[in-house]
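Residue numbers for the sequence shown follow my numbering, beginning at 391 and rising by one.
Beta carbons are placed, not taken as given, at the ideal position from N, Cα and C, and that holds for glycine.
Read the structure below first, then the notes.
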Amino acid sequence: MFSKNLVSFFERLFFKPNLFDWVVIFLLSPLSLLYGTVMLLRRIFSIKKDYGIPIVSIGNLTVGGSGKTPFVIAVASLYPNACIISRGYGRESRGLVEVSRDGEILTDVFSSGDEPMLMAKSLPNASVIVSEDRDKAITLVKEQGAEVIFLDDGFNRVTIKKFEILLFPKDIKNFMPFPAGAFREFHFSRYFANLNLVEGVDFHRVVDVDTTTQKMLLVTAISNPTRLDRFLPKNVVGKLYFEDHAYFNEEEISKKMLEVGATSLLVTQKDEVKMEGFKLPLFVMKLELQIKNEILEKISSYIGEYGYEKKTGCS
Numbered sequence: 391m392f393s394k395n396l397v398s399f400f401e402r403l404f405f406k407p408n409l410f411d412w413v414v415i416f417l418l419s420p421l422s423l424l425y426g427t428v429m430l431l432r433r434i435f436s437i438k439k440d441y442g443i444p445i446v447s448i449g450n451l452t453v454g455g456s457g458k459t460p461f462v463i464a465v466a467s468l469y470p471n472a473c474i475i476s477r478g479y480g481r482e483s484r485g486l487v488e489v490s491r492d493g494e495i496l497t498d499v500f501s502s503g504d505e506p507m508l509m510a511k512s513l514p515n516a517s518v519i520v521s522e523d524r525d526k527a528i529t530l531v532k533e534q535g536a537e538v539i540f541l542d543d544g545f546n547r548v549t550i551k552k553f554e555i556l557l558f559p560k561d562i563k564n565f566m567p568f569p570a571g572a573f574r575e576f577h578f579s580r581y582f583a584n585l586n587l588v589e590g591v592d593f594h595r596v597v598d599v600d601t602t603t604q605k606m607l608l609v610t611a612i613s614n615p616t617r618l619d620r621f622l623p624k625n626v627v628g629k630l631y632f633e634d635h636a637y638f639n640e641e642e643i644s645k646k647m648l649e650v651g652a653t654s655l656l657v658t659q660k661d662e663v664k665m666e667g668f669k670l671p672l673f674v675m676k677l678e679l680q681i682k683n684e685i686l687e688k689i690s691s692y693i694g695e696y697g698y699e700k701k702t703g704c705s
């Protein structure tokens, strides 16, 4: 309970601060300035390695969700046999793990983490790898014949030469770096990126729930889950939140369903991959990103500079 309350406090502090939170932000600001300065110096003085292969990084400056995973899926789907490299947050494994190769799933969600598994299942012509050591992963997929790599959450990998894309929510109230705010670096670090994209301006989320029941329980383990509220159908009678990337206990969810009188679950695609084998009735909020054509053209132009041809990739 204490852990959940602490997470809720920081999510409010980061994304929807109230008057009391601004006092906390002010008290933490010296630490944030120190942290931000260290991260800035790290970025300025790092030497970037050129791997001789187009690497497109999709990241953000804030902790929590900003649409990175659906953005990777949307863009990588345009390049047959693309290779996606992710750290694999929340996974129970360590080291380098091949999640999929040319669409064939090679491991389970506990070893991959939820987001890499979602990418693997959503991209039947791609390969997905998780690794804390991005250098090792890039070297491996290049040896396997990769010609283009999509780096999930790669902005803070400052030693890799890559095309940087940063995603931002439309409304940001707290611009402070950690621990006073959600930013991993100073906000002006966005100028180190090739593209700064704002949700609702440069890309849009389209959410579809194709089927519903009379009373639904929302179950999700994502950061800042209240951002789902605007997409929810009216027949959601309860909400059960878990920490970002957490795995689910079917018995706990079943008890909550009885408590609120729900007849089915409503989950995100990211949550669904961790519920395989569950016997509870569930329906999925299907998310699709619509990205402006000029954005896709800029990405294609960068990849084309390396002579990339879509007929080949990881194998």
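C-alpha gap between tyrosine 469 and tyrosine 698, whole angstroms: The sequence position of residue 469 within the sequence shown is 79, counting from 1. The sequence position of residue 698 within the sequence shown is 308, counting from 1. Each residue's alpha carbon lies about 10 angstroms from the other.
Endpoints, beta strand (DSSP E) assigned at tyrosine 631: Here residue 631 refers to the residue found at position 241 when the sequence shown is read from its first residue. 626-631 is the span of the beta strand (DSSP E), which, as asked, contains tyrosine 631.
Residues sharing a beta bridge with aspartate 542, DSSP: Residue 542 sits at position 152 when you count from the first residue of the sequence shown. The partner list for aspartate 542 (beta bridge, DSSP) reads Ile448.
C-alpha distance - serine 521 paired with histidine 594, whole-angstrom precision: For the purposes of this step, residue 521 is identified with residue 131 of the sequence shown, where counting begins at 1. For the purposes of this step, residue 594 is identified with residue 204 of the sequence shown, where counting begins at 1. In a straight line, the C-alpha of serine 521 is about 29 angstroms away from that of histidine 594.
Closest by C-alpha distance to cysteine 473, when choosing among Leu431, Asp543, Leu513 and Asp440: Start at 1 with the first residue of the sequence shown, and residue 473 comes out as number 83. It is Leu513.
Residues of its chain near proline 407, where Cβ-Cβ distance is below 7 angstroms and the 5 sequence neighbours each way are ignored: Sequence index remark: in the sequence shown, residue 407 carries index 17 (1-based). The residues are Ile415, Lys563 and Asn564.
Glutamate 554: first and last residue of the uninterrupted beta strand (DSSP E) it sits in: Locating residue 554 in the sequence shown gives position 164, where the first residue counts as 1. That run of the beta strand (DSSP E) goes 553-558.
Cβ contact (3+ pairs, closer than 8 angstroms) linking the segment 649-658 and the segment 489-497: The segment 649-658 is not in contact with the segment 489-497.
Status (buried if at least 16 other CB within 10 Å, exposed otherwise) for glycine 341: The chain is shown only over 391 to 705; residue 341 falls outside these bounds and no answer can be derived.
Where valine 489 sits in the DSSP three-state scheme: Here residue 489 corresponds to residue number 99 of the sequence shown, with the count starting at 1. If DSSP states are grouped into helix, strand and coil, valine 489 belongs with the strands.
Rounded separation between glutamate 554 and phenylalanine 545 - CA only: Residue 554 sits at position 164 when you count from the first residue of the sequence shown. Residue 545 sits at position 155 when you count from the first residue of the sequence shown. Whole-angstrom Cα-Cα distance: 7 angstroms.
N-terminal and C-terminal residue of the beta strand (DSSP E) that isoleucine 474 is part of: To locate residue 474, count along the sequence shown from 1; it is residue 84. Taken as a continuous stretch (DSSP letters only), the beta strand (DSSP E) holding isoleucine 474 covers 473-476.
Beta-bridge pairing of isoleucine 495 - partner residues as DSSP gives them: Numbered from its first residue, the sequence shown carries residue 495 at position 105. Answer is Ser490.
Member of Asp543, Asp542 and Ile519 whose CA lies at the smallest distance from the CA of lysine 532: In the sequence shown, counting from the first residue as 1, residue 532 sits at position 142. Nearest C-alpha to lysine 532: Ile519.
For threonine 459, the three-state DSSP class (helix, strand or coil): Residue numbering aside, residue 459 sits at position 69 when the sequence shown is read from its first letter. Annotated three-state conformation of threonine 459 is helix, per DSSP.
Pairwise C-alpha distance: alanine 583 and lysine 645: To locate residue 645, count along the sequence shown from 1; it is residue 255. To locate residue 583, count along the sequence shown from 1; it is residue 193. Using only the alpha carbons, I get a separation of about 46 angstroms.
Bounding residues of the beta strand (DSSP E) (the contiguous stretch that carries glutamine 680): As a first step, residue 680 must be located in the sequence shown, where it is residue number 290. Counting along the chain, the beta strand (DSSP E) containing glutamine 680 begins and ends at 672-681.
Reduced DSSP category for lysine 664 - H, G, I as helix; E, B as strand; rest coil: Counting from 1 along the sequence shown, the entry for residue 664 is found at position 274. In the three-state reduction of the DSSP assignment, lysine 664 falls in the coil class.
Distance, valine 489 Cα to lysine 701 Cα: The sequence position of residue 701 within the sequence shown is 311, counting from 1. The sequence position of residue 489 within the sequence shown is 99, counting from 1. With a pLDDT of 47 at lysine 701, under the threshold of 50, the modelled position of that residue is not reliable, and the figure given next carries that caveat. Computed Cα separation, rounded: 22 angstroms.
Endpoints, alpha helix (DSSP H) assigned at serine 419: Translated into the one-based positions of the sequence shown, residue 419 becomes position 29. Going by DSSP, serine 419 is part of the alpha helix (DSSP H) stretching over 409-435.
Residues near phenylalanine 573 by beta carbon distance below 7 angstroms, same chain, minus five either side: Mapped onto the sequence shown, residue 573 falls at position 183. If we look at phenylalanine 573 and ignore the five residues flanking it on each side, its Cβ neighbours are Leu451, Thr452, Phe565, Met566 and Pro567.
Nearest-angstrom Cβ-Cβ length linking lysine 438 and aspartate 542, presumed shorter than 8 angstroms: The residue given as residue 438 occupies position 48 in the sequence shown. The residue given as residue 542 occupies position 152 in the sequence shown. Incorrect: roughly 19 angstroms between the Cβ atoms, too far for contact.
Coarse secondary structure for proline 506, derived from DSSP in three states: Working through the sequence shown from its first residue, we reach residue 506 at position 116. When DSSP states are grouped into helix, strand and coil, proline 506 belongs to the helix group.
Alpha-carbon to alpha-carbon, lysine 664 and aspartate 525: Position 135 of the sequence shown, counting from 1, holds the residue named residue 525. Position 274 of the sequence shown, counting from 1, holds the residue named residue 664. Cα-Cα distance, rounded: 28 angstroms.
C-alpha gap between serine 517 and leucine 630, whole angstroms: To locate residue 517, count along the sequence shown from 1; it is residue 127. To locate residue 630, count along the sequence shown from 1; it is residue 240. Taken atom to atom, the span from the alpha-carbon of serine 517 to that of leucine 630 is near 33 angstroms.
As assigned by DSSP and simplified to three states, the class of glutamate 589: Locating residue 589 in the sequence shown gives position 199, counting from the first residue. Annotated three-state conformation of glutamate 589 is strand, per DSSP.
For leucine 608, three-class secondary structure by DSSP: Within the sequence shown, the letter at position 218 stands for residue 608. Correct three-state label for leucine 608: strand.
Under the three-state DSSP convention, the category lysine 646 falls into: For the purposes of this step, residue 646 is taken as residue 256 along the sequence shown, with counting starting at 1. Taken through DSSP and simplified to helix, strand or coil, lysine 646 comes out as helix.
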